[in-house]
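Notes follow the structure.
Numbering (our numbering), first residue to last: -5 to 681.
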């Protein structure tokens, strides 16, 4: 006779503590693989007698795909498969310790029990995740502080700006909030891989390599109606400006609420931050990485070609580009497909840049393979290698004749100050040396040659390659832009063009200068200013030419990335052209957060945010957006009255923290003249 429906005690608190899943706010058991958990249930007649447990996941569970396990009670936990060990029995209930294998498929399981010849009775469902704390797991991370940061930390800092001026902004990953785990599981069930073959897809979900690749495709909307739609046009009607987001929660919840329609809009850091949330949620140690002067080598020749016209305007020609910065992910797991030295940090990139295997996905590419130039290894090592190592070639292009002339080439410009957040601190750590040998060293050039050789670029005749005599020509003058004064939105921009005659005879130079507002990808949006000068430089003379671009001149033209590219193309009489350029990122004015009093669990505390309007005109349409895991639910939005010139606004609001420990409050302030002024504050919450 079938037993009555058993009632199950999942020991949520105790199991969660053991499994590092206490931060999830769930009524469902969430545990990590390769580790025992305890449940108690009643309703079976003679509990200890021949109980058989059935754990199953996915649409068509089977033993061959390792999505179905049946196991009876044994005296010790099994190292290989699923097992159950009797803990204790009473007259009507039984406590069992259940263990899953280190390489179990992750996801939501149904658990049932069968006693004797009766039909199976359901005990309920639980979710199984990766286990970086367990030495048998592919994602095992031996350093406990790194597990805390890369799996359990809900706050991150993403680095941006440019190589001359690195800035960082806070992000609320929020992987343990509300419904995020369920949303992450539904992302897996909406991938192209699942739609094409659900049974095989689920059976591969034990493998972080596979899941990382699938999720790098699903976080962007291309191909599969994934989570975030990219937009690099500078116009964001019909959606949110990518720089206005402060956390992943709002994005993932919007995707679910809309019936899984892509959320508008994202740029690289948004894709990377959402992927961090999803992977940390599933238990794969993950962090965001920012690469400055990042190459997008579209044709795979490890070179990026940039074109300028005679006036010094940067032309949108060719598919290659160099971005001020680009953000991707590193996840930690073994590479049993490549061998032990390739294990450890793996690059995944959800920003849709180039097809891989027919769709927009990228990685996992072993960081060690990139450093060693092993561009023939899976997956997408060539593309990531180029992002940090490509040579830059600058060309003058004459649209009338179609003729292009090499201005100069540089092998040390791409891939600088590669950055990530420190473990346990709100600081920047430079990881450039983990991606490449020292710039300019013989070893670095050897690796570059090795990569070219592996790609068959070594001896191939390349019609676009500059002829030797073109490269060997030495310029007669050198030039650079220097910043004079502050780089702030709302202030005039003061630069110096410094030109130096390198020769021992006088030189006449005609200089064409332009300034354009750009996106962080250096895509030109609006011309701000142009000018030309003619100068004579005495032998070995250095001259400085001041340039002033007034705030009213650039204010209307500036993009929310606050970036300006200034170029000077110098035509030296009877000599070769010299290109001088600089990418400038302006700083927003500051915003200040004060917590008034002690922050205690379940007690209201007042926070004050102050902003001073630094310009001599009124600012209006002011909005303050606040979020922070365990400090407040969702996002608080406050409208602020207009601010006259130099006036300060002070806004107060209340928080009720829900958990003790160091928490981060993120604030984003916008108005008609300043977009997305971001700051964060660490709030130490006490019990």
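Using N, Cα and C, we set each Cβ at its ideal position, and we do this for glycine too.
(request) Tell me whether residue 136 is buried or exposed, calling it buried when 16 or more other Cβ atoms sit within 10 Å of its Cβ. (result) Along the chain shown, read from residue 1 onward, the residue named residue 136 stands at position 142. With fewer than 16 Cβ atoms within 10 Å of its Cβ, residue 136 is classed as exposed.
(message) Looking at the secondary structure, which residues open and close the beta strand (DSSP E) in which residue 662 lies?
(response) In the chain shown, the residue the question calls residue 662 occupies position 668. Where residue 662 is concerned, the enclosing beta strand (DSSP E) stretches over 655 to 664.
(request) Work out the CA separation of residue 105 and residue 454 for me, nearest whole Å. (result) Here residue 454 refers to the residue found at position 460 of the chain shown. Here residue 105 refers to the residue found at position 111 of the chain shown. Confidence at residue 454 is low in this model, with a pLDDT of 49, below 50, so the placement of that residue is unreliable and no value is reported for it.
(request) Measure the Cβ-Cβ separation of residue 236 and residue 260 and say whether it is below 8 Å. (result) By one-based count along the chain shown, residue 236 stands at place 242. By one-based count along the chain shown, residue 260 stands at place 266. Yes.
(request) Counting only the same chain and skipping the five closest in sequence on each side, list residues whose C-beta sits under 7 Å from that of residue 366. (result) Indexing the chain shown from 1 puts residue 366 at position 372. Cβ within range, chain order: 441.
(message) Here's the rule I'm using: 16 or more other beta-carbon atoms within 10 Å means buried, otherwise exposed. How should residue 546 be labelled?
(response) Position 552 of the chain shown, counted from the start, is the residue given in the question as residue 546. Residue 546 comes out exposed.
(request) Return the residue from the list 494, 489 and 52 that minimises the CA-CA distance to residue 471. (result) As a working note, residue 471 is residue 477 in the chain shown. Nearest option by C-alpha distance: 494.
(message) Rounded to the nearest angstrom, what separates residue 439 and residue 185 at their Cα positions?
(response) Here residue 439 refers to the residue found at position 445 of the chain shown. Here residue 185 refers to the residue found at position 191 of the chain shown. Pairing residue 439 with residue 185, the inter-Cα distance amounts to about 40 Å.
(message) Tell me which residues share the same chain as residue 304 and place their Cβ nearer than 8 Å to its Cβ, disregarding the 5 neighbours each side in the sequence.
(response) By 1-based counting over the chain shown, the position of residue 304 is 310. Counting only Cβ-Cβ distances below 8 Å, and skipping sequence neighbours, we find 390, 392, 506, 563 and 565.
(request) Kindly identify the DSSP beta-bridge partner or partners of residue 489. (result) The count along the chain shown starts at 1 and reaches residue 489 at position 495. Beta-bridge annotation (DSSP): residue 489 is paired with 477 and 541.
(message) Quick test of the definition: if touching needs 3 or more C-beta pairs under 8 Å, does the segment 296 to 303 touch the segment 120 to 133?
(response) The segment 296 to 303, when compared against the segment 120 to 133, does not touch it at the 8 Å Cβ threshold.
(message) Here's a check: name, in chain order, each residue in its chain whose Cβ is nearer than 7 Å to the Cβ of residue 275, leaving out the five neighbours to either side.
(response) Start at 1 with the first residue of the chain shown, and residue 275 comes out as number 281. Leaving aside the five residues that flank residue 275 on each side, the residues in its chain whose CB is nearer than 7 Å to its CB run, in chain order, 169, 174, 175 and 178.
(request) For the alpha helix (DSSP H) holding residue 586, just list the boundary residues, first then last. (result) Here residue 586 refers to the residue found at position 592 when the chain shown is read from its first residue. Segment 585 to 590 is the beta strand (DSSP E) holding residue 586; no alpha helix (DSSP H) there.
(message) So for residue 356, helix, strand or coil by DSSP?
(response) The sequence position of residue 356 within the chain shown is 362, counting from 1. Residue state, collapsed to three classes: coil.
(request) State the CB to CB distance for the pair residue 501 and residue 531, rounded to an integer number of angstroms; the pair is presumed to be in contact (CB under 8 Å). (result) Translated into positions along the chain shown, residue 501 becomes position 507. Translated into positions along the chain shown, residue 531 becomes position 537. So it is a contact: roughly 5 Å between Cβ atoms.
(request) Tell me whether the beta-carbon of residue 516 lies closer than 8 Å to the beta-carbon of residue 315. (result) In the chain shown, the residue the question calls residue 516 occupies position 522. In the chain shown, the residue the question calls residue 315 occupies position 321. Going by beta carbons, residue 516 and residue 315 fall inside the 8 Å limit.
(message) residue 64 and residue 47 - do their beta-carbons sit closer together than 8 Å?
(response) Here residue 47 corresponds to residue number 53 of the chain shown, with the count starting at 1. Here residue 64 corresponds to residue number 70 of the chain shown, with the count starting at 1. Yes, they are a contact pair.
(request) Kindly give me the distance between the Cβ atoms of residue 29 and residue 93, rounded to whole angstroms, as I take these residues to be in contact under 8 Å. (result) Residue 29 sits at position 35 when you count from the first residue of the chain shown. Residue 93 sits at position 99 when you count from the first residue of the chain shown. Their Cβ separation, rounded to whole angstroms, is 7 Å, which keeps residue 29 and residue 93 in contact under 8 Å.
(message) Between the alpha carbons of residue 405 and residue 525, how many angstroms are there, rounded?
(response) As a first step, residue 405 must be located in the chain shown, where it is residue number 411. As a first step, residue 525 must be located in the chain shown, where it is residue number 531. A straight-line Cα-Cα distance of about 30 Å links residue 405 and residue 525.
(request) Mark residue 78 as exposed unless 16 or more other C-beta atoms lie within 10 angstroms of its C-beta, in which case mark it buried. (result) The residue given as residue 78 occupies position 84 in the chain shown. Answer is buried; the Cβ neighbour count reaches 16.
(request) Consult DSSP for residue 670 and reduce its assignment to one of helix, strand or coil. (result) For the purposes of this step, residue 670 is taken as residue 676 along the chain shown, with counting starting at 1. In this structure, residue 670 counts as coil in the three-state DSSP scheme.
(message) Between the alpha carbons of residue 570 and residue 400, how many angstroms are there, rounded?
(response) As a working note, residue 570 is residue 576 in the chain shown. As a working note, residue 400 is residue 406 in the chain shown. Separation of residue 570 and residue 400 (C-alpha to C-alpha, rounded to the nearest whole angstrom) is 10 Å.
(request) With DSSP as the reference, label residue 9 as helix, strand or coil. (result) Position 15 of the chain shown, counted from the first residue, corresponds to residue 9. Under the three-state reduction of DSSP output, residue 9 falls in the helix class.
(request) State the Cα-Cα distance for the pair residue 425 and residue 592, rounded to the nearest angstrom. (result) Numbered from its first residue, the chain shown carries residue 425 at position 431. Numbered from its first residue, the chain shown carries residue 592 at position 598. Their backbone Cα atoms lie some 37 Å apart in a straight line.
(message) Can you tell me whether residue 9 is buried or exposed? The criterion is at least 16 other CB atoms within 10 Å of its CB, across all chains shown.
(response) For the purposes of this step, residue 9 is taken as the residue at position 15 of the chain shown. Residue 9 comes out buried.
(request) Mind reading off the beta-carbon distance from residue 223 to residue 258? Whole number of angstroms is fine, and I expect it under 8 Å. (result) Looking up residue 223 in the chain shown gives position 229. Looking up residue 258 in the chain shown gives position 264. Right, their Cβ atoms sit about 5 Å apart.
(request) Taking only the alpha-carbon atoms, compute the straight-line gap between residue 345 and residue 131 and give it to the nearest angstrom. (result) Here the question's residue 345 lines up with position 351 in the chain shown. Here the question's residue 131 lines up with position 137 in the chain shown. About 28 Å.
(request) Would you kindly check if the distance between the Cβ of residue 654 and the Cβ of residue 671 is under 8 Å? (result) Within the chain shown, numbered from 1, the residue matching residue 671 stands at position 677. Within the chain shown, numbered from 1, the residue matching residue 654 stands at position 660. The answer is no: Cβ separation not under 8 Å.
(message) Going by the DSSP bridge assignment, what does residue 36 pair with across the sheet?
(response) The residue given as residue 36 occupies position 42 in the chain shown. The partner list for residue 36 (beta bridge, DSSP) reads 87.
(request) Assign residue 208 to buried or exposed, taking buried as 16 or more other Cβ atoms, counted over all protein chains shown, within 10 Å of its Cβ. (result) Within the chain shown, the letter at position 214 stands for residue 208. Classification for residue 208: buried.
(request) Kindly provide the ranges of any alpha helix (DSSP H) runs that are 4 or more residues long and lie completely inside the segment 539 to 627, ordered along the chain. (result) Entirely contained in the segment 539 to 627, the alpha helix (DSSP H) runs reaching 4 residues are, in chain order, 545 to 549.
(message) Please report the distance separating the alpha-carbon of residue 295 from that of residue 349.
(response) For this step, residue 295 is matched to residue 301 along the chain shown. For this step, residue 349 is matched to residue 355 along the chain shown. If you take the alpha carbons of residue 295 and residue 349, they lie about 16 Å apart.
(request) Would you mind sorting residue 61 into buried or exposed? The rule is 16 or more other CB atoms within 10 Å of its CB. (result) Here residue 61 refers to the residue found at position 67 of the chain shown. Residue environment: residue 61 is assigned as buried (16 or more neighbouring CB atoms within 10 Å of its CB, all protein chains considered).
(request) Determine the DSSP secondary structure at residue -3, reduced to helix, strand or coil. (result) Position 3 of the chain shown, counted from the first residue, corresponds to residue -3. Confidence at residue -3 is low in this model, with a pLDDT of 49, below 50, so the placement of that residue is unreliable and no value is reported for it.
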